[in-house]
Amino acid sequence: KHVLIINGANLNLLGTREPHIYGAQTLDDVVAHLAQVGAEYGMKISHFQHNGEGEIVSRIHAARGDVDYIIINAGAYTHTSIAIRDALAGVAIPFVEVHISNVHAREAFRHHSYLSDKAVGVIVGLGTYGYEAALRFIALQAGCFKT
Ligand code: DQA
2 KHVLIINGAN LNLLGTREPH IYGAQTLDDV VAHLAQVGAE YGMKISHFQH NGEGEIVSRI
62 HAARGDVDYI IINAGAYTHT SIAIRDALAG VAIPFVEVHI SNVHAREAFR HHSYLSDKAV
122 GVIVGLGTYG YEAALRFIAL QAGCFKT
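In this text, residue positions in the sequence shown follow the UniProt record's numbering: the first is 2, and each later residue adds one.
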């Protein structure tokens, strides 16, 4: 199975950006760890980070026919982007939505997501472990067994 991890706006700053909220791990650390976890299950892992909404939309389109599951942390686009919502619905690739922080314990504008009702599931507040949790869930759901 091929899993695409998408990180949106500002997630390239992971490790240096508000570490009390988002932790000390860099995005490279997180992605390297996810590649290891994916390898345990014989899954192919791809990663895409972009700060632009349109680029994320285009990457989702390109995933059609190639990717089995998406894990997406759209960053602030979560709360604003009908375009990313429509792209995910358009390609009909099942996806898990991840947020590092507990968005529900933060500002009211972070409580609404344009993606959640289309997601298979949503993980919030588990730190960067949320990506790993999503990946292990997908492995289980897709019937990928540990190698
Ligand atoms: C975030 C939460 C969003 O509200 C915020 O805009 C982010 C990161 C998270 O992972 O906790 O950029 O998606």
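Where a beta carbon is used, it is the ideal one built from N, C-alpha and C, also for glycine. All values derive from a computational prediction rather than experimental measurement.
Report task. Using 7 Å as the cut-off, classify the Cβ of His100 as near or not near the heavy atoms of ligand 1, replying yes or no. Result -> Yes.
Query raised in the report: Counting only runs that start and end within the region 13 to 55, where is the alpha helix (DSSP H) found for 4 or more residues in a row?
Result: Runs of the alpha helix (DSSP H) spanning 4 or more residues and lying entirely within the region 13 to 55 occur at 20 to 23 and 28 to 41, in chain order.
Report task. Compare the Cα-Cα distances from Asn103 to each of Leu127, Ser82, His34 and Ser117 and report the closest residue. Result -> Here the closest residue by C-alpha is Leu127.
Query raised in the report: Is the Cβ-Cβ distance between Val125 and Ile85 less than 8 Å?
Result: Taking a C-beta distance under 8 Å as the contact criterion, Val125 and Ile85 do not qualify as a contact pair.
Query raised in the report: Does the Cβ-Cβ distance between Val38 and Leu15 come in under 8 Å?
Result: Cβ atoms of Val38 and Leu15: not closer than 8 Å.
Query - Contiguous beta strand (DSSP E) assignments of at least 3 residues, all confined to the region 95 to 140 - result: Residue ranges of uninterrupted beta strand (DSSP E) with 3 or more members, entirely inside the region 95 to 140 and ordered along the chain, are 96 to 100 and 122 to 125.
Requested in this report: Could you tell me whether the region 63 to 71 touches the region 94 to 112, using the rule of 3 or more Cβ pairs below 8 Å?
Outcome: Yes, they touch.
Query raised in the report: Does any heavy atom of ligand 1 sit closer than 7 Å to the C-beta of Ala134?
Result: Checking every heavy atom of ligand 1 against the Cβ of Ala134, none is found closer than 7 Å.
Report task. Locate the beta strand (DSSP E) running through Val4, then write down its first and last residues. Result -> The continuous beta strand (DSSP E) containing Val4 extends over residues His3 to Asn8.
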